[in-house]
Ligand SMILES: *Cc1c(COP(=O)(O)O)cnc(C)c1O
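Residue numbers (the working numbering): 1 to 429.
Right, dumping it as structure tokens:
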């Protein structure tokens, strides 16, 4: 009884589903090798940045109060800056989430009368209220910052002519979202982001470009900051926290942009000098160290899920063979019932809260009910195995994370199992 298959049976995966999984996996050897190659490169990049900055045990000490002279925090910011090849970085537990990091970056670098442009269509749901696309107190719109948007072309390409027309004398900042978020458009590769930035700067060289890098870190060997982005922004309970950071966000970029962000986050005059680390440095350093391998696990899970569900006849984005530029896998399940079954399976595979059943409910910042499956050590962490999605057509679940590949694999097998048990895979398995 020491074989893995009987262990899977004990966890609730039927033989039929386990056999199906092995058949799918047999075809993914080369994809997995490529993921490991990228991960190995990125691991070296992080280690090199830590060595260059002479990271040592003193950097792990807790600070409280104002946090003056917190060299653990300051060195961590240098490690981030060196890894992402930027002049400066702001990496803080006081940044509560990705939306907060993006809000700081936007509001620090946009003043009344300025215009923000998104040349890649509608940004992530929670940013709609930040920008004021949906009215909200304290939105950028309330402060007199206007917003313009150019959708992607039907084939997913950039509408260069539309973008050229949209850039005007008030355009100050351009926001580019790397990941698809809750949309079903393709995620942008770093190379394509670079092409877009070059074009934008050729039209207006003084414009600043911010990239929402959520879910993209360490998926490729280069980041948007390597191809001209003035700021890259993300959450520490996603990729760069490596599953260990219990809170936080980062903004890496030019000295000019990042120092403004620090003044916005704390106060004019205080900037980066304040902000105690509250004992979180060990988690931040170690999480960043682990992040490249954690991201690789999540990517393997995403590729495996795509191939399973594509074979089962569902539309998956990206598809089974496409290259990857973030860790998100969308699966269009076509009904609320199927979303519930899928999420039930992910939940049932979790190390934490495996006995609960996810149900759709309202969420702040989202305009439809959202269903979420997550049995995470860090609440809401989506570098840990999780699935979620707004309950509206096309009833897509967004699947992401997995601190280990084996856990991601079990989660996907359990989702298939629950779909099967709900009678949703008749004749497909
Ligand atoms: C997760 C995410 C955000 C927001 O991050 P939160 O931490 O949930 O506030 C913004 N943009 C994208 C693309 C994301 O994936």
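Just so you know, even glycine gets a beta-carbon here, dropped at the ideal spot from N, CA and C. Predicted model, so just to flag it, every value in this text is computed and none were measured.
- By the 16-neighbour rule on beta-carbons within 10 angstroms, residue 88 is buried.
- In this structure, 332 is the residue among 391, 268, 409, 332 with its C-alpha nearest to the C-alpha of residue 185.
- As computed with DSSP, residue 250 is found in a beta bridge with 91, 234.
- The beta carbon of residue 316 is closer than 6 Å to those of 306, 309, 310, 331 in its chain, skipping five residues each way along the sequence.
- In summary, residue 318 is buried, with 16 or more beta-carbon neighbours lying within 10 Å of its beta-carbon over all protein chains present.
- Contact between the region 65 to 74 and the region 221 to 229 is absent: fewer than three C-beta pairs spanning the two stretches fall below 8 Å.
- Look at the beta carbons and you see the region 196 to 212 touching the region 228 to 239: at least three pairs across the two are nearer than 8 Å.
- Rounded to the nearest whole angstrom, the C-alpha separation of residue 64 and residue 281 is 12 Å.
- In this structure, residue 178 has its CB closer than 8 Å to one or more heavy atoms of ligand 1.
- Here DSSP, grouped into helix, strand and coil, assigns residue 315 to strand.
- The C-beta distance from residue 389 to residue 396 rounds to 5 Å, short enough to fall under 8 Å.
- Under the three-state reduction of DSSP, residue 399 is assigned to strand.
- As for any beta strand (DSSP E) of minimum length 3 sitting wholly inside the region 88 to 153, the runs are 88 to 92, 115 to 118, 146 to 149, ordered along the chain.
- The Cβ-Cβ distance between residue 358 and residue 377 does not fall below 9 Å.
- One alpha carbon belongs to residue 384, the other to residue 46, and they sit about 20 Å apart.
- Contact between the region 285 to 295 and the region 6 to 26 is not established, with fewer than three Cβ pairs separated by less than 8 Å.
- Nearest to residue 43 by alpha-carbon distance, out of 175, 303, 290, is 290.
- The alpha-carbon separation between residue 134 and residue 128 amounts to approximately 6 Å.
- Bounds of any beta strand (DSSP E) do not take in residue 346; it lies within the alpha helix (DSSP H) bounded by 336 to 348.
- For residue 139, the Cβ stays outside the 8 Å cut-off from all heavy atoms of ligand 1.
- For residue 177, the uninterrupted beta strand (DSSP E) segment begins and ends at 171 to 177.
- The C-beta distance from residue 283 to residue 245 rounds to 5 Å, short enough to fall under 8 Å.
- Assigned with DSSP and collapsed to three states, residue 332 falls in strand.
- At the C-beta level, residue 212 and residue 124 come within 9 Å of one another.
- Judged by DSSP secondary structure, residue 21 falls within the alpha helix (DSSP H) whose first and last residues are 15 to 26.
- Counted as a single uninterrupted DSSP element, the beta strand (DSSP E) harbouring residue 389 occupies residues 386 to 390.
- Relative to ligand 1, even the nearest heavy atom lies 8 Å or more away from the CB of residue 184.
- Judged by beta-carbon spacing, residue 108 lies within the 9 Å limit of residue 264, meaning their Cβ atoms are closer than that value.
- Of the candidates 66, 408, 26, 202, the residue whose Cα lies closest to the Cα of residue 266 is 66.
- Looking at the DSSP output, residue 191 bridges to nothing.
- When C-alpha distances from residue 349 are compared across 399, 360, 408, the shortest belongs to 408.
- Counting only the Cα atoms, residue 98 lies some 20 Å from residue 119.
- Beta bridge pairing from DSSP links residue 383 with no other residue.
- A distance below 9 Å separates the beta carbons of residue 298 and residue 327.
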